[in-house]
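Quick note: the sequence shown uses this note's numbering, first residue 863, plus one each step.
Beta carbons: idealized from backbone N, C-alpha and C, even for Gly.
These notes are about the structure you will find just below.
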Amino acid sequence: PIALELEGVTKRYAETTAVDDVSLAVREGEFFTLVGPSGCGKTTTLRLIAGFESPTTGTVRFGGEDVTGVPPEDRDVGVVFQNYALFPHMTVGENVAYGLNFADAPGGIPDERRVQELLELVDLGGMADREPDQLSGGQQQRVAIARALAPGPDVLLLDEPMSALDAQLRERLRLQVREIQRELGITTIYVTHDQEEALAISDRLAVMRAGRPEQVARPREIYRRP
Ligand code: ADP
Ligand code: ADP
């Protein structure tokens, strides 16, 4: 089944066509990556899926339902940005609980238990009382992921979540992100400019160029261009 779909989506700014007539379908439970050089329209595509932007033309569908005009808080999406800083004055647990407060805890589980479950999911059980600045960059991004997952979204959107980390941390976080995604089976759209990362982490990827996907395929089917 298709989790989300763009049909003929274009986003124009004054002088730029950031996204140019894109049609894409992402399957349920899929880890789908948008990869390509800076300026090719990855972030704009993600923002259109999240609902932070509206398309100039075209349709966005979630589970077959047209959500084109629907605001982000009414789409079942969790978003993690590159510099989605945690709230520095809140503990790790409070940061995650903040995400929970956007939605009622599923099944009426008390917040504290749900926060603990989420922290364990991202391998940070026992860290609830830490301050964000006591954590590594990779740990902080995992807290941001836990916070994004707290309301129980159907779709997880990740925009360059590793870009601030050094190569070694990046590789570890990559494996952790993929493990979290598999454990939940959550449909995930991942944005990166790093082709190697995209090939390593994805079920399928769209190689973007000048506002549109020039290839959409599984990693082993992707051909490389100089
Ligand atoms: P990427 O994420 O691949 O780096 P973006 O989606 O951020 O690409 O940007 C695609 C193009 O659209 C770029 O030329 C960028 O400058 C332009 N763009 C993105 N957002 C805006 C905006 N809010 N106003 C004007 N131009 C924008
Ligand atoms: P990324 O690094 O992920 O490509 P950017 O740092 O380029 O993202 O863009 C960050 C924010 O600035 C986004 O909200 C994007 O829409 C906006 N933006 C990007 N390019 C422009 C632009 N030329 N004019 C106005 N806003 C822009």
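Quiz item: At what residue ranges does the stretch 1024 to 1074 contain a whole run of the beta strand (DSSP E), taking only runs of 3 or more?
Solution: Listed in chain order, the complete beta strand (DSSP E) runs (minimum 3 residues) inside the stretch 1024 to 1074 are 1049 to 1054, 1066 to 1071.
Practice problem: Find the nearest neighbour of Thr921 within the set Gly1000, Asp1056, Glu869, Arg1004, judged by alpha-carbon distance. | Solution: Your numbering for residue 921 matches position 59 in the sequence shown. Residue Glu869 is the option with its Cα nearest to Thr921.
Practice problem: Return the CA-CA distance between Ser1064 and Tyr875, expressed in angstroms with no decimal places. | Solution: Here residue 1064 corresponds to residue number 202 of the sequence shown, with the count starting at 1. Here residue 875 corresponds to residue number 13 of the sequence shown, with the count starting at 1. Between the C-alpha atoms of Ser1064 and Tyr875 there is a straight-line separation of about 30 Å.
Quiz item: With respect to the beta strand (DSSP E) encompassing Thr906, which residues constitute its N-terminal and C-terminal limits?
Solution: Looking up residue 906 in the sequence shown gives position 44. Boundaries for Thr906: no beta strand (DSSP E) harbours it, while the alpha helix (DSSP H) harbouring it runs 904 to 912, taken from the DSSP string.
Exercise. Would you identify the three-state DSSP class for Ala876, choosing helix, strand or coil?
Key: On the sequence shown, position 14 is the one that residue 876 refers to. Under the three-state reduction of DSSP, Ala876 is assigned to coil, being neither helix nor strand.
Practice problem: List the residues that DSSP assigns as beta-bridge partners of Ile864. | Solution: For the purposes of this step, residue 864 is taken as residue 2 along the sequence shown, with counting starting at 1. Arg889.
Exercise. Flag this pair as yes or no: are the beta carbons of Arg1034 and Gly1000 separated by less than 9 Å?
Key: Here the question's residue 1034 lines up with position 172 in the sequence shown. Here the question's residue 1000 lines up with position 138 in the sequence shown. Annotated as proximal: Arg1034 and Gly1000, with beta-carbon spacing under 9 Å.
Exercise. Pick out whichever of Leu1011, Gly898, Glu979, Lys904 has its Cα sitting closest to the Cα of Val941.
Key: Within the sequence shown, the letter at position 79 stands for residue 941. Comparing Cα positions, the closest option is Leu1011.
Exercise. Between the Cα of Gln1002 and those of Tyr960, Pro950, Ile1042, spot the shortest distance and give me the residue it belongs to.
Key: Taking the first residue of the sequence shown as 1, we reach residue 1002 at position 140. Comparing Cα-Cα distances from Gln1002 to each of Tyr960, Pro950, Ile1042, the minimum goes to Pro950.
Exercise. Compute every distance between the C-beta of His951 and the non-hydrogen atoms of ligand 3, then say whether any falls below 8 Å.
Key: Inclusion of ligand 3 in the displayed structure is not the case, the ligand content consisting of ligand 1 and ligand 2 alone.
Quiz item: Out of Glu892, Lys904, Pro1015, which has the shortest C-alpha to C-alpha gap to Thr872?
Solution: Position 10 of the sequence shown, counted from the first residue, corresponds to residue 872. Ranking the options by Cα distance to Thr872, first place goes to Lys904.
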